[in-house]
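Just add 120 to wherever you are in the sequence shown, counting from 1, and you've got our numbering. Here the structure is laid out as structure tokens; the discussion comes afterwards.
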Amino acid sequence: MRAHDASWTARWVAWMRALAAHLPDDERLAIDPFAADLTWPGAARVAARPRLASALVRFTPLRYNVLSLQLRTRAIDDAVRAFVARGGRQIVILGAGFDARATRLGLDDARFFEIDHPATQAAKRARVGASPARFVAWDFERDALDRLPAALAVEGHETNTPTLTIWEGVTMYLSREALDASARAIRAYSAPGSDLVFNYFDEARVRSPRRMGGEQLVVSLMGEPFRSGFAPDALGGWLRERGFELVRDRSYAELARELLPRRRHGGHADRRLALATVLAA
Ligand SMILES: C[S@@+](CC[C@H](N)C(=O)[O-])C[C@H]1O[C@@H](n2cnc3c(N)ncnc32)[C@H](O)[C@@H]1O
Numbered sequence: 121m122r123a124h125d126a127s128w129t130a131r132w133v134a135w136m137r138a139l140a141a142h143l144p145d146d147e148r149l150a151i152d153p154f155a156a157d158l159t160w161p162g163a164a165r166v167a168a169r170p171r172l173a174s175a176l177v178r179f180t181p182l183r184y185n186v187l188s189l190q191l192r193t194r195a196i197d198d199a200v201r202a203f204v205a206r207g208g209r210q211i212v213i214l215g216a217g218f219d220a221r222a223t224r225l226g227l228d229d230a231r232f233f234e235i236d237h238p239a240t241q242a243a244k245r246a247r248v249g250a251s252p253a254r255f256v257a258w259d260f261e262r263d264a265l266d267r268l269p270a271a272l273a274v275e276g277h278e279t280n281t282p283t284l285t286i287w288e289g290v291t292m293y294l295s296r297e298a299l300d301a302s303a304r305a306i307r308a309y310s311a312p313g314s315d316l317v318f319n320y321f322d323e324a325r326v327r328s329p330r331r332m333g334g335e336q337l338v339v340s341l342m343g344e345p346f347r348s349g350f351a352p353d354a355l356g357g358w359l360r361e362r363g364f365e366l367v368r369d370r371s372y373a374e375l376a377r378e379l380l381p382r383r384r385h386g387g388h389a390d391r392r393l394a395l396a397t398v399l400a401a
């Protein structure tokens, strides 16, 4: 991403979450009342016009982007609630962007740590004002990730207490080296009983100009081209080599069958959401 500009894909995602408020009732899976304040002003103005926003999410191609985001955000929200319900109290969000979970989920007993590129994080902090989250600025491509656990500890993170790490909407933008170093850093700060939830693209999609369609062009113009994916049948091995056990790995089409049973959101078999748990050392 661009070194001195807050992530445009993060602003875009916030816009998709703001627009989701205008979906029909049975398609609203994760409503984010903070999203409109976190996206860029022009997008916020569109999201504030109910008739225009409703038309966009019902009748234009944006619909599929909004629904995809609803599926992934809701599935991750469910993972967070399940982790907290079984006693988990530390949540690390890698590449947090304009994710408002620290406030939105109202989980007062949990501590949130948000890690993001310095430019995106500075823009977020300027906008949210007071936040219950603790912030750590990190460039996953430039800053040594083996130092991340120590930086988190300075903010009060405990390596002897389970952590849920959220890696939402990030893996596709990183190099293979940064993915590897990030996974090793997560493992290093995660006590037994910790989980990792993340979404990813099927590698075949990232490699295929035809399947990426205009999307790659749009994110490239934002300065954040898609760079990486995983082959679903190799993901378990990749995780195991880095100290995780793959627990569940579902395509968005499967998520849609579960979360939108009355309104099938047919596509995106090659976008996936995975949950892994930390293996004992
Ligand atoms: C598509 S946004 C997702 C934001 C957020 N997780 C969400 O789902 O709303 C991608 C995020 O990855 C972060 N990111 C991309 N490259 C990064 C890097 N090299 N170092 C740190 N963060 C990076 C961006 O700052 C941005 O917040």
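Idealized CB from N, CA, C, for every residue including glycine. All values reported here derive from a predicted model rather than from experimental measurement.
DSSP places isoleucine 151 outside any beta strand (DSSP E), giving it a letter other than H or E. Straight across, the Cα-Cα distance linking tryptophan 258 with isoleucine 286 is about 15 Å.
The beta carbons of arginine 254 and glycine 276 sit about 6 Å from each other, so the pair counts as a contact at 8 Å.
Closest in C-alpha terms to asparagine 185, from the list Trp132, Ile196 and Gln210, comes Trp132. Within 10 angstroms of the beta-carbon of glycine 217 lie 16 or more other beta-carbons, which makes it buried. In this structure, Ser371 is the residue among Met342, Leu337 and Ser371 with its C-alpha nearest to the C-alpha of aspartate 353. Under the 10 Å beta carbon count, glycine 289 is surrounded by 16 or more other beta carbons and is classified as buried. Going by beta carbons, methionine 342 and tryptophan 128 fall inside the 8 Å limit. Per DSSP, the continuous alpha helix (DSSP H) segment holding aspartate 198 begins and ends at 182-205. In this chain, the alpha helix (DSSP H) harbouring alanine 242 covers 238-248.
In terms of Cα proximity to glutamate 344, the closest of Asp236, Ile151, Arg262 and Met292 is Met292. Inclusion of alanine 130 in the 7 Å shell around ligand 1 follows from its C-beta lying nearer than that to a non-hydrogen atom of the ligand. Annotation for serine 371: the continuous beta strand (DSSP E) segment containing it runs 364-371. Within the stretch 230-308, the complete beta strand (DSSP E) segments at least 3 residues long are 231-236, 254-257 and 283-287, listed from N- to C-terminus. Within the DSSP secondary-structure output, glutamine 210 pairs in a beta bridge with Arg231 and Thr283. Counting every other CB atom within 10 Å of its CB across the protein chains shown gives histidine 388 a total of 16 or more, marking it as buried.
Counting the other CB atoms within 10 Å of its CB gives valine 339 a total of 16 or more, which places it among the buried residues.
Taking a contact as a CB-CB distance under 8 Å, the pair valine 204 and leucine 176 does not count as one, their CB atoms being some 34 Å apart.
In this structure, alanine 376 lies near leucine 191, with their beta-carbon atoms less than 8 Å apart.
Distance from the CA of phenylalanine 179 to the CA of phenylalanine 321, rounded to the nearest whole angstrom, comes to 25 Å.
Straight-line measurement puts the Cα of valine 166 at about 42 Å from the Cα of valine 398. Around the beta carbon of asparagine 280, fewer than 16 other beta carbons sit within 10 angstroms, so the residue counts as exposed. Contact between aspartate 229 and arginine 209 is confirmed by a C-beta separation of about 6 Å, below the 8 Å threshold. Within its own chain, the residues whose Cβ lies closer than 7 Å to the Cβ of aspartate 146, once the five positions on either side in sequence are excluded, are Arg382 and Arg383, listed in chain order.
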